[in-house]
Ligand code: UD1
Ligand code: UDP
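Right under this line is the structure:
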């Protein structure tokens, strides 16, 4: 068998988490691979903490791209990734999701005639206001191996004339990560004690999307919605706040009621522990819509659309947008919905499936 070399390109918090099981699978199978980190995320609590907690090897290359406008950030990534790929010449580059790192990694590799594997392919919100939507479409159309989580995304890819030989439905690697980490999280995380919280007695929030937090009216509405929910449920609202959202809250000088507890971003063990024990989740995160679905926690999405429609079908999730009254109504409706649902995102063996497909290619 020909010995193949792989490059895993990542750059942000969700990519580190969602590529974790693939990295472990490559390690277990003694594959020849390198990790290339664009460093799109670089703050300790957005980056290093996940490498440490998940025992992921340090990247072979850190490209130190950091923050910037879309053009500048993507441009620096293109230039720096190209240099590394020229030197390393892998058979295939792996990218995950829809960030600028994914756009740059897939574009450079495809132009160098290096195969591109897109993990979590085929998601569409049909909302071009989201930079992620553009990144996903571009990455899918230059990829050689597309790994959509469910048949819904396979159908989308086929409808965009991507050839069926390239598409492999494998589930989502987030299920692998949740299954591998959820018990360790319950044992090791001490965050509930630290914050004086008990099971089902607090509400968890995350919100960071550009199209939400970069607009004063939307961010203000989200905060008002949280205040209504807090009052109605008479519970603390805990919001581990993304640096983008924190920066925007400060720049808009939005006042946040003290019943909403803002904390720094938390590690994955703390997050899975917080999520497993909360009463409700309110979020605009992609990953957290999936994780709440996997862990049977009701989710209210602070967006008008989602590229995770499976969560709506199984009724683990409701779209609230950013109107405060609608946020409250959805929170009440989801709290009254005590039904369990089936996780549609796979059985936790997604990385193994991807490995099996790529190693036979
Ligand atoms: C990026 C992704 C988004 C993903 C999110 C995960 C794109 C277009 N967006 O959004 O899809 O959901 O990551 O969290 O790729 N900052 C820090 N420290 C960091 C990183 C960022 O302080 O380590 C601050 C900076 O002020 C920066 C801002 O956050 O300007 C935004 O960071 P950026 O990586 O551009 O986008 P995210 O909002 O993180
Ligand atoms: N997450 C975390 N700590 C936090 C917020 C999120 O560990 O303080 C995890 C979350 O559980 C999920 C991933 O980060 O696995 C989602 O990242 P984010 O919401 O930043 O990005 P998105 O999924 O929206 O692209």
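Numbering (my numbering), first residue to last: 672 to 1032. Beta carbons: idealized from backbone N, C-alpha and C, even for Gly. Small disclaimer: the values here were computed from a predicted structure and weren't measured.
- Query: Got a sec, what are the start and stop residues for the beta strand (DSSP E) residue 951 sits in?
  - Reply: Within the chain shown, numbered from 1, the residue matching residue 951 stands at position 280. Element bounds for residue 951: 951-954.
- Item | Cβ neighbours of residue 943 in the same chain (closer than 6 Å, five flanking residues each side left out) | By 1-based counting over the chain shown, the position of residue 943 is 272. Only 852, 853 and 856 meet the Cβ criterion.
- Put residue 728 into one of helix, strand or coil per three-state DSSP. Translated into positions along the chain shown, residue 728 becomes position 57. Of the three classes helix, strand and coil, the one that applies to residue 728 here is coil, per DSSP.
- Message: Along the chain, where does the alpha helix (DSSP H) containing residue 1024 start, and where does it finish?
- Response: Sequence index remark: in the chain shown, residue 1024 carries index 353 (1-based). From DSSP, the alpha helix (DSSP H) with residue 1024 extends over 1021-1031.
- Item | residue 839, DSSP secondary structure in three states | For the purposes of this step, residue 839 is taken as the residue at position 168 of the chain shown. If DSSP states are grouped into helix, strand and coil, residue 839 belongs with coil.
- Query: What do you get for residue 1004, buried or exposed, if any count of 16 or more other CB atoms within 10 angstroms of its CB means buried?
  - Reply: Here residue 1004 corresponds to residue number 333 of the chain shown, with the count starting at 1. So residue 1004 ends up on the exposed side.
- Item | Cutoff 6 Å; reference residue 976; Cβ partners in own chain excluding five residues on either side | Indexing the chain shown from 1 puts residue 976 at position 305. Cβ neighbours of residue 976 beyond the five flanking positions: 796 and 798.
- Query: Does at least one heavy atom of ligand 1 sit under 7 Å from the Cβ of residue 789?
  - Reply: Here residue 789 refers to the residue found at position 118 of the chain shown. Answer for residue 789: no, Cβ out of range of ligand 1.
- Take every Cβ of the segment 880-899, pair it with every Cβ of the segment 981-995, and state whether three or more of those distances are shorter than 8 Å. Yes, they touch.
- Since residue 925 and residue 909 are thought to touch, with beta carbons under 8 Å apart, how far apart are those beta carbons, to the nearest angstrom? By 1-based counting over the chain shown, the position of residue 925 is 254. By 1-based counting over the chain shown, the position of residue 909 is 238. About 18 Å; that fails the 8 Å criterion.
- Message: I want to check one thing, is the minimum distance from the CB of residue 770 to the heavy atoms of ligand 1 below 7 Å?
- Response: Residue mapping note: residue 770 aligns to position 99 of the chain shown, counting from 1. It does: the Cβ of residue 770 is within 7 Å (strictly closer) of some heavy atom of ligand 1.
- Message: With the cut-off set at 8 Å, would you say residue 809 and residue 778 are in Cβ contact?
- Response: Locating residue 809 in the chain shown gives position 138, where the first residue counts as 1. Locating residue 778 in the chain shown gives position 107, where the first residue counts as 1. Taking 8 Å as the Cβ cut-off, residue 809 and residue 778 qualify as a contacting pair.
- Task: Run through the segment 961-1000 for me and flag every whole beta strand (DSSP E) of 3 or more residues, listed as ranges in chain order.
- Result: 970-972 and 988-990
- Whole angstroms is fine: what's the gap from residue 934's alpha carbon to residue 911's? The sequence position of residue 934 within the chain shown is 263, counting from 1. The sequence position of residue 911 within the chain shown is 240, counting from 1. Their Cα atoms are separated by approximately 5 Å.
- Item | Boundaries (first-last residue) of the beta strand (DSSP E) holding residue 918 | Within the chain shown, numbered from 1, the residue matching residue 918 stands at position 247. Per DSSP, residue 918 belongs to no beta strand (DSSP E); it is in the alpha helix (DSSP H), 914-923.
- Item | Burial state of residue 832 (16 or more Cβ within 10 Å) | Within the chain shown, the letter at position 161 stands for residue 832. Exposed, by the Cβ-count rule.
- Just to confirm, does residue 713 get its C-beta within under 7 Å of one of the non-hydrogen atoms of ligand 2? Your numbering for residue 713 matches position 42 in the chain shown. The answer is no for residue 713.
- Would the C-beta of residue 728 count as close to ligand 2, meaning under 7 Å from any of its heavy atoms? Here residue 728 corresponds to residue number 57 of the chain shown, with the count starting at 1. It does not: the Cβ of residue 728 is nowhere closer than 7 Å to a heavy atom of ligand 2.
- Query: Taking the runs of the alpha helix (DSSP H) that are 4 residues or longer, which of them lie wholly in the segment 683-757?
  - Reply: As far as the segment 683-757 is concerned, its whole alpha helix (DSSP H) runs of at least 4 residues are 684-699 and 719-724.
- Can you list, in chain order, the residues of its chain whose CB lies under 6 Å from that of residue 956, leaving out five sequence neighbours each side? By one-based count along the chain shown, residue 956 stands at place 285. Cβ within range, chain order: 877.
- Label residue 978 either buried or exposed according to how many other C-beta atoms from any shown protein chain fall within 10 Å of its C-beta, with 16 as the threshold for buried. As a first step, residue 978 is located in the chain shown; it is residue number 307 there, counting from the start. Buried: at least 16 other Cβ atoms inside 10 Å.
- Message: Contact between the segment 696-706 and the segment 945-961 is defined here as three or more beta-carbon pairs at a separation below 8 Å; is this criterion met?
- Response: The answer is no - the segment 945-961 does not touch the segment 696-706, with fewer than three Cβ pairs under 8 Å.
- Task: Let me know if residue 667 comes out buried or exposed under the rule of 16 or more other beta-carbons within 10 Å of its beta-carbon.
- Result: As displayed, the chain neither begins before 672 nor continues past 1032, which places residue 667 out of reach and without an answer.
- residue 724 burial status per 10 Å Cβ neighbour count (16 or more: buried): Within the chain shown, the letter at position 53 stands for residue 724. Burial call: buried.
- Message: Tell me whether residue 918, by its Cβ, gets closer than 7 Å to a heavy atom of ligand 1.
- Response: Along the chain shown, one-based indexing puts residue 918 at 247. Because some heavy atom of ligand 1 lies under 7 Å away, the Cβ of residue 918 counts as near it: yes.
- Query: Under 7 Å from any heavy atom of ligand 2, does the C-beta of residue 956 make it?
  - Reply: Translated into the one-based positions of the chain shown, residue 956 becomes position 285. Yes; taking the cut-off as 7 Å, the Cβ of residue 956 has a heavy atom of ligand 2 nearer than that.
- residue 772 - containing beta strand (DSSP E), residue span: Residue numbering aside, residue 772 sits at position 101 when the chain shown is read from its first letter. That residue, residue 772, is in no beta strand (DSSP E); its alpha helix (DSSP H) goes 771-782.
- Item | For residue 785, the first and last residue of its enclosing alpha helix (DSSP H) | As a working note, residue 785 is residue 114 in the chain shown. Segment: none, residue 785 is in no alpha helix (DSSP H) and carries neither H nor E.
- Message: At the level of alpha carbons, what is the spacing between residue 970 and residue 847?
- Response: Along the chain shown, read from residue 1 onward, the residue named residue 970 stands at position 299. Along the chain shown, read from residue 1 onward, the residue named residue 847 stands at position 176. Going from the Cα of residue 970 to the Cα of residue 847 covers about 20 Å.
- Message: Tell me whether residue 803, by its Cβ, gets closer than 7 Å to a heavy atom of ligand 1.
- Response: Here the question's residue 803 lines up with position 132 in the chain shown. At least one heavy atom of ligand 1 is nearer than 7 Å to the Cβ of residue 803, so yes.
- Message: How far does the beta strand (DSSP E) with residue 764 in it extend, from its first residue to its last?
- Response: Position 93 of the chain shown, counting from 1, holds the residue named residue 764. 763-767 is the extent of the beta strand (DSSP E) around residue 764.
- Task: Starting from residue 876, follow the beta strand (DSSP E) in both directions and report where the run begins and ends.
- Result: Within the chain shown, the letter at position 205 stands for residue 876. Start and end: 873-877.
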